[in-house]
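Residue numbers (the numbering used here), protein chains in the order written: chain A, 1 to 160; chain B, 161 to 574.
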Amino acid sequence: MAGLEDLYREIILDHYRSPRNRGELPTPPAHKTEGFNPLCGDEVVVYLDVDPATDTVRDIKIAGQGCSISQASTSMMSGAVKGKTVDEARRLIRAFKALMSIHESKLEGEGDGADLAADLEGVRLGDLEALQGVVKFPVRIKCATLAWNTLQQGLDEIAE
Amino acid sequence: MTITTPLDVERIKRDFAILSRDLDGKRLVFLDSAASSQKPESVLAAMDDMYRRHYANVHRGVYRIAEEATAAFEGARAKVARFVGAKSSAEIVFVRNATEAINLVAYSWARANLHAGDAIVLTHMEHHANVVPWQMLAAERDIEIRWIPLTPDYMLDLTKLDETLEGARLLSVSAMSNVLGTINPVRQMVDAAHAHDALALIDACQFVPHVRTDVTEWDADFVAFSAHKMCGPSGIGALWARRELLEAMPPFLGGGEMIRDVRLDGFTTNDVPWKFEAGTPPIVDAVGFGAAVDYLQCLGMDAVRDHEMRLTRYALDALTESFPDTLRIYGPRDVSVRGGAVSFLFDGIHAHDISQVLDEHGVCVRAGHHCAKPLMRQLGVPATSRASFYVYNDEADVDALVAALAMAEQFFAH
Ligand SMILES: Cc1ncc(COP(=O)(O)O)c(C=O)c1O
Numbered sequence: 001m002a003g004l005e006d007l008y009r010e011i012i013l014d015h016y017r018s019p020r021n022r023g024e025l026p027t028p029p030a031h032k033t034e035g036f037n038p039l040c041g042d043e044v045v046v047y048l049d050v051d052p053a054t055d056t057v058r059d060i061k062i063a064g065q066g067c068s069i070s071q072a073s074t075s076m077m078s079g080a081v082k083g084k085t086v087d088e089a090r091r092l093i094r095a096f097k098a099l100m101s102i103h104e105s106k107l108e109g110e111g112d113g114a115d116l117a118a119d120l121e122g123v124r125l126g127d128l129e130a131l132q133g134v135v136k137f138p139v140r141i142k143c144a145t146l147a148w149n150t151l152q153q154g155l156d157e158i159a160e
Numbered sequence: 161m162t163i164t165t166p167l168d169v170e171r172i173k174r175d176f177a178i179l180s181r182d183l184d185g186k187r188l189v190f191l192d193s194a195a196s197s198q199k200p201e202s203v204l205a206a207m208d209d210m211y212r213r214h215y216a217n218v219h220r221g222v223y224r225i226a227e228e229a230t231a232a233f234e235g236a237r238a239k240v241a242r243f244v245g246a247k248s249s250a251e252i253v254f255v256r257n258a259t260e261a262i263n264l265v266a267y268s269w270a271r272a273n274l275h276a277g278d279a280i281v282l283t284h285m286e287h288h289a290n291v292v293p294w295q296m297l298a299a300e301r302d303i304e305i306r307w308i309p310l311t312p313d314y315m316l317d318l319t320k321l322d323e324t325l326e327g328a329r330l331l332s333v334s335a336m337s338n339v340l341g342t343i344n345p346v347r348q349m350v351d352a353a354h355a356h357d358a359l360a361l362i363d364a365c366q367f368v369p370h371v372r373t374d375v376t377e378w379d380a381d382f383v384a385f386s387a388h389k390m391c392g393p394s395g396i397g398a399l400w401a402r403r404e405l406l407e408a409m410p411p412f413l414g415g416g417e418m419i420r421d422v423r424l425d426g427f428t429t430n431d432v433p434w435k436f437e438a439g440t441p442p443i444v445d446a447v448g449f450g451a452a453v454d455y456l457q458c459l460g461m462d463a464v465r466d467h468e469m470r471l472t473r474y475a476l477d478a479l480t481e482s483f484p485d486t487l488r489i490y491g492p493r494d495v496s497v498r499g500g501a502v503s504f505l506f507d508g509i510h511a512h513d514i515s516q517v518l519d520e521h522g523v524c525v526r527a528g529h530h531c532a533k534p535l536m537r538q539l540g541v542p543a544t545s546r547a548s549f550y551v552y553n554d555e556a557d558v559d560a561l562v563a564a565l566a567m568a569e570q571f572f573a574h
């Protein structure tokens with residue numbers, strides 16, 4: 001059986017206790033997106049400031065409330081995408097979901113695992129890999145992916 | 161004077177096979193009966209015997225086992241009717257669960273009787289099952305929904321009840337909150353509704369399993385409950401309604417069983433309650449429901465209530481004494497006005513994380529919004545943990561909860 005240490009790695013608890021990039025950004029120019037986990041009431045708010053000239057995430061702030069997994073994942077996500085281009089951020093989203101064993105391209109029947117592996121070649125998840133233990137606790141996967149789905153939604157909305 | 165024999169919980173535990181499951185060396189401590197209860201051997205045996213010896217479709221065949229099946233099915237209805245104090249079995253409509261019972265009233269009675277501008281009164285502590293069907297109706301018909309708020313001590317604030325009911329057509333309220341444990345003054349609220357010519361629907365999903373229920377004494381119009389929370393199987397519940405109301409209501413689902421006659425140009429409906437039971441019913445589940453009622457009656461509902469009051473008091477005391485500064489309980493403190501669903505939160509630790517650590521110790525509690533998001537918003541919290549007690553829980557289960565909570569608190573300590 002998976003132990004609690006698999007789920008609650010020290011780095012996760014650290015992000016939970018001292019979340020990075022907490023706060024708000026003025027909208028506009030920033031874009032605000034809210035994500036909810038209807039199952040447990042977790043809530044994530046992502047403020048994204050994307051520089052249209054360079055297509056770069058100039059700044060990101062996060063708010064909301066939820067369990068340690070959702071909040072730590074949000075904090076880590078904010079650090080990982082800040083300063084990255086939108087394309088890099090999208091690849092991170094795919095890489096993170098792959099880490100959570102969610103393979104969307106396979107689910108949607110477009111391409112296979114090999115495509116995904118090629119796509120994600122060279123993507124460094126770093127600290128985020130600490131969240132891999134979540135996979136052993138299926139009901140918590142939604143907690144970990146909430147921030148990333150919200151980010152994805154935000155990027156899509158900005159692109160529109 | 162009635163004498164209640166206290167529950168022999170040690171013996172009761174042995175009636176529930178699942179409770180002797182070993183979870184990697186840990187005893188299963190099941191504290192989530194408000195979500196769904198476990199099932200005793202007698203219920204499982206009754207259902208098994210039904211399938212093995214008496215199974216056939218009901219109300220149709222003339223052969224012997226079809227008659228046996230029909231007798232068992234209708235016998236279960238009679239047991240459920242007696243259990244809640246119904247005047248006749250015809251007042252018990254078998255449905256899938258309490259949710260379907262409430263939807264039946266919303267689709268049949270309400271759509272035949274409510275019109276634009278009418279009002280329905282709900283409360284801030286309702287389960288989504290007693291909110292969403294009315295919101296769907298309200299959106300369709302332009303019907304107003306009014307809300308009864310809470311007091312700071314987690315009771316319904318009834319100071320403006322009469323005002324709120326002015327001109328309303330229906331009051332729909334839970335008898336016991338699945339989050340706060342609060343028991344509402346049903347008779348008083350039904351009387352107030354009737355004084356304003358409104359009907360009263362009681363969501364008794366959390367009440368019937370735990371407290372002796374007499375729908376006739378309540379003088380209510382509709383009462384909804386589910387078998388799965390009262391030792392019975394999932395997949396069946398009941399709507400009790402006054403017979404005249406059922407007779408006047410249009411049918412809900414159409415099909416076999418609910419008709420008297422069908423011609424090319426129309427149909428006539430069957431008698432109540434079958435008028436509302438289209439299609440092959442959950443035959444074996446009904447038998448299990450009847451066996452569950454037998455089981456509870458055997459324990460005695462007054463003894464069940466006494467036991468749960470004692471255990472809830474023990475739990476409230478243990479939680480406050482063990483975590484005086486860090487744990488907050490959402491619900492009344494007085495066990496005479498509450499049931500055994502105890503919601504709580506630790507300072508700075510999310511309910512989900514608490515449940516996860518508890519699971520590690522074999523303790524099953526619920527974390528989340530408990531299908532009562534409007535209530536959670538009123539409380540200003542995204543989620544709570546909830547421990548809930550039933551006939552098979554004892555002080556040792558509460559002690560296991562407290563011990564596991566202490567470890568959870570330590571685990572997340574800064
Ligand atoms: C107060 C209350 N009402 C309604 C329901 C819905 O019951 P069911 O899911 O059996 O339809 C529940 C179950 O959680 C409940 O606690």
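Ideal Cβ positions, reconstructed from N, Cα and C, are used throughout, including at glycine.
In angstroms, rounded to a whole number, what distance separates the CA positions of residue i and residue j?
i	j	result
Val517(B)	Glu300(B)	44 Å
Tyr223(B)	Arg213(B)	14 Å
Arg498(B)	Cys67(A)	28 Å
Leu471(B)	Phe549(B)	8 Å
Asn257(B)	Phe449(B)	12 Å
Ile60(A)	Gln71(A)	15 Å
Val503(B)	Ala543(B)	Strictly speaking, residue 503(B) in this sequence is Ser, with Val absent from that position. Roughly 9 Å between the two C-alpha positions.
Lys186(B)	Val551(B)	21 Å
Gln198(B)	Pro492(B)	26 Å
Thr85(A)	Thr56(A)	4 Å
Leu167(B)	Cys391(B)	16 Å
Ile225(B)	Ser202(B)	21 Å
Lys320(B)	Glu326(B)	10 Å
Met100(A)	Gln132(A)	7 Å
Ala238(B)	His275(B)	35 Å
Gly341(B)	Gly415(B)	39 Å
Thr428(B)	Arg420(B)	5 Å
Asp494(B)	Thr33(A)	43 Å
Can you pull the chain B residues whose beta carbon is under 9 Å from the beta carbon of residue i, in chain order?
i	result
Gly66(A)	His510, His512, Pro542, Ala543
Starting from residue i, find everything on chain A with Cβ-Cβ shorter than 9 Å and list it in chain order.
i	result
Glu286(B)	The premise fails here: Glu286(B) is roughly 17 Å from chain A at the closest Cβ pair, so nothing lies under 9 Å.
Chain A partners of residue i, CB-CB under 8 Å?
i	result
Ile495(B)	In the sequence on display, residue 495(B) carries Val and not Ile. Here the premise fails: no neighbours, minimum Cβ distance about 28 Å.
Met536(B)	Gly41
Glu520(B)	Gly3, Leu4
Any beta carbon from chain B within less than 8 Å of residue i's own beta carbon?
i	result
Leu4(A)	yes
Leu39(A)	yes
Run down chain B in chain order and give the residues with a C-beta less than 7 Å from the C-beta of residue i.
i	result
Asp42(A)	Pro542
For residue i, which residues in chain B fall below 8 Å Cβ to Cβ?
i	result
Leu7(A)	Gln516
For residue i, does the three-state DSSP call read helix, strand or coil?
i	result
Thr230(B)	helix
Lys32(A)	strand
Asp559(B)	helix
Cys67(A)	coil
Lys84(A)	coil
Ser548(B)	strand
Phe506(B)	strand
Thr150(A)	helix
Ala588(B)	For residue 588(B) there is no data in the structure shown, the boundaries of chain B being 161 and 574.
Arg94(A)	helix
Ile303(B)	coil
Met412(B)	For the record, residue 412(B) in the displayed sequence is Phe; it is not Met. Of the three classes helix, strand and coil, the one that applies to Phe412(B) here is coil, per DSSP.
Ala532(B)	coil
Arg22(A)	strand
Arg224(B)	helix
Thr428(B)	strand
Under 8 Å, Cβ to Cβ, is there at least one residue of chain A near residue i?
i	result
Ala527(B)	yes
Counting only beta-carbon atoms, is residue i nearer than 8 Å to chain C?
i	result
Thr342(B)	Here the protein chains are A and B, and chain C is not one of them.
| field | Continuous alpha helix (DSSP H) assignments of at least 4 residues falling wholly in the region 331-404 of chain B | value | Entirely contained in the region 331-404 of chain B, the alpha helix (DSSP H) runs reaching 4 residues are, in chain order, 346-355, 375-378.
| field | Residue ranges of each alpha helix (DSSP H) within the region 436-503 of chain B, 4 or longer | value | As far as the region 436-503 of chain B is concerned, its whole alpha helix (DSSP H) runs of at least 4 residues are 443-459, 461-482.
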